[in-house]
Amino acid sequence: MKEALLKLFEINVNSPLTMDRILFTLGLSFVLGLVILFVYRITYRGVLFNRSFGTALLM
């Protein structure tokens, strides 16, 4: 399992894109977007939280 995850993180310009790598990258970017969204919601000190900004972060 560890070798498979390390293989997904390898950067090689000459290697072809695989479906595994594409799905892993999309999933990782979604999770990181959720982290940014939760930090924004916790630390936001304004009057009104803008939900459309949170949606834009995840897209």
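Converting from the sequence shown to this note's numbering requires adding 1085 to each position, the first position being numbered 1.
Glycine is no exception: its CB is placed at the ideal position from the N, C-alpha and C atoms.
Q: From the DSSP output, in three-state form, read off Arg-1130 for me.
A: coil
Q. Okay, do the segment 1099-1116 and the segment 1124-1134 touch, 3+ Cβ pairs below 8 Å being the bar?
A. no
**Q.** Limits of the unbroken alpha helix (DSSP H) element including Leu-1091
**A.** 1087-1094
Q | Spatial distance of Pro-1101 from Glu-1095 (CA atoms) | A | 12 Å
(Q) Please report the straight-line C-alpha distance between Leu-1142 and Val-1132, rounded to a whole angstrom. (A) 20 Å
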